[in-house]
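Q:
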Amino acid sequence: MAILPILEYPDPRLRLRAEPVDAFDDDLARLVDDLCDTLRASKGIGLAAPQAGDRRRVLVMDLSGGAASPDVYINPEIHDPAVPGLVEESCLSVPGVVGNVVRATQLTVCARDRYGAAFERRLEGMHAVCLQHELDHLEGRLFVDRLSIFRRVGVRLGAVARARSRAASI
Numbered sequence: 045m046a047i048l049p050i051l052e053y054p055d056p057r058l059r060l061r062a063e064p065v066d067a068f069d070d071d072l073a074r075l076v077d078d079l080c081d082t083l084r085a086s087k088g089i090g091l092a093a094p095q096a097g098d099r100r101r102v103l104v105m106d107l108s109g110g111a112a113s114p115d116v117y118i119n120p121e122i123h124d125p126a127v128p129g130l131v132e133e134s135c136l137s138v139p140g141v142v143g144n145v146v147r148a149t150q151l152t153v154c155a156r157d158r159y160g161a162a163f164e165r166r167l168e169g170m171h172a173v174c175l176q177h178e179l180d181h182l183e184g185r186l187f188v189d190r191l192s193i194f195r196r197v198g199v200r201l202g203a204v205a206r207a208r209s210r211a212a213s214i
């Protein structure tokens, strides 16, 4: 198991759509374990494989504060989104940025677990919001895409400046 580096915006790999998982093998198990370790180390509540540079449709979530094992969703699909609400979000791939976005606060998700078994779960509140945020990553979207155009421009300029500063210090 390993802690994976988390890609940061504006890395173009964050804009790539993830591919469905069809092999539930040791390689997938390693990815799931590494994502769980990375999530714990980052102290985040959700992490999608594309944030770690892997293009598979895998995400993990832990809203327990580390008291439980992260939930694993492979090839997730949302059904019956309901009760839209304005929620405050941030992202491990967009450090230092917080913004309000509209998300469904209730939904049903169909997915597979790490062994390939299908399941369906009704999520509410932050669990529903977090799942949608991570599912956006699987689609090559970021929460900042849901902000106003003026806010997006500011976030983009700040991210480009941080990336240039990191490159200059190498």
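When you read off a place in the sequence shown, starting at 1, and then add 44, the result is the number in our numbering. Note that CB positions come from ideal geometry on N, CA and C, so glycine has one too.
#1: Check whether the stretch 120–132 and the stretch 77–90 are in contact - that is, three or more C-beta pairs closer than 8 Å.
#2: Could you spell out the range, first to last residue, of the alpha helix (DSSP H) harbouring residue 194?
#3: Alpha carbons only, please: which of 156, 103 and 126 is nearest the one belonging to residue 68?
#4: Drop a sphere of 10 angstroms on the beta-carbon of residue 169, count the other beta-carbons inside from all chains shown, and report buried for 16 or more, exposed for fewer.
#5: Measure the beta-carbon distance from residue 91 to residue 171 and round it to whole angstroms, keeping in mind my assumption that it falls under 8 Å.
#6: I'd like to know if the stretch 179–190 and the stretch 140–150 are in contact, where contact means that at least 3 CB-CB pairs between them fall below 8 Å.
#7: Quick check on the burial criterion: 16 or more other C-beta atoms within 10 angstroms. Buried or exposed for residue 71?
#8: Taking the beta strand (DSSP E) that residue 88 belongs to, which residues open and close that run?
#9: Residues in the same chain with beta-carbon distance under 8 Å from residue 54, minus the five sequence neighbours each way, listed in chain order, please.
#10: Measuring only the C-alpha atoms, how far is residue 89 from residue 212?
#11: Less than 6 Å between C-beta atoms, sequence neighbours within five positions excluded: which residues of the same chain meet that for residue 131?
#12: Look at the alpha carbon of residue 126 and the alpha carbon of residue 166, and state the distance between them as a whole number of angstroms.
#13: Cα-Cα, which of 77, 45, 63 and 105 is closest to residue 135?
#14: Which residues in the same chain have their Cβ closer than 6 Å to the Cβ of residue 198, if we skip the five residues on either side of it in sequence?
#15: If we count the other Cβ atoms within 10 Å of its Cβ and call it buried at 16 or more, is residue 178 buried or exposed?
#16: Taking the continuous alpha helix (DSSP H) assigned at residue 18, which residues delimit it?
A: The short version:
#1: no
#2: 193–212
#3: 156
#4: exposed
#5: The pair is not a contact, with the Cβ atoms about 15 Å apart (cut-off 8 Å).
#6: yes
#7: exposed
#8: Careful: residue 88 lies outside any beta strand (DSSP E) and carries neither H nor E.
#9: 200, 203, 204 and 207
#10: 31 Å
#11: Excluding its 5 nearest sequence neighbours in each direction, residue 131 has C-beta neighbours in its own chain below 6 Å: 147 and 173, listed in chain order.
#12: 11 Å
#13: 105
#14: none
#15: buried
#16: Nothing in the structure corresponds to residue 18, since the chain is present only between 45 and 214.
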